[in-house]
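Working notes, structure below.
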Amino acid sequence: METVLYALDGCPYCEAVHDALQTADIDYETNWVEPLHSDRDEVKRVSGQRAVPVLVDEERGVTMAESENILQYIDQTLAQ
Numbered sequence: 199m200e201t202v203l204y205a206l207d208g209c210p211y212c213e214a215v216h217d218a219l220q221t222a223d224i225d226y227e228t229n230w231v232e233p234l235h236s237d238r239d240e241v242k243r244v245s246g247q248r249a250v251p252v253l254v255d256e257e258r259g260v261t262m263a264e265s266e267n268i269l270q271y272i273d274q275t276l277a278q
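When we follow the numbering used here, the leftmost residue of the sequence shown carries the number 199, and every step to the right adds one.
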């Protein structure tokens, strides 16, 4: 999968990113993370931090956090 979203179930910021990806009809995979920050080693490995959401666009070599940044990236890059 070229686009991966790291998300936490019930996180409103993660849900906003999910909605944007689905609305833009972007094929992506979701990696659900653990509720405890200390258990989010995979997120830390790919993004350097443990907060979610994190979007990884392997095709373009982009990894980003912060839902507002991700939403803008989806709109300006992935949805084109």
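From the three backbone atoms N, C-alpha and C, an ideal C-beta is built for every residue, glycine too.
- S236 counts as exposed, since fewer than 16 other C-beta atoms from the protein chains shown sit within 10 angstroms of its C-beta.
- The three-state reading of DSSP puts L253 in strand, counting E and B together.
- Between V241 and V254, the C-beta gap is not smaller than 8 Å, which leaves the two residues out of contact.
- Here L234 carries a coil assignment [DSSP, helix/strand/coil].
- L203 and T228 do touch by the CB rule: their CB atoms are close to 5 Å apart, below 8 Å.
- Counting only the Cα atoms, Y271 lies some 16 Å from E213.
- L276 counts as buried, since at least 16 other C-beta atoms from the protein chains shown sit within 10 angstroms of its C-beta.
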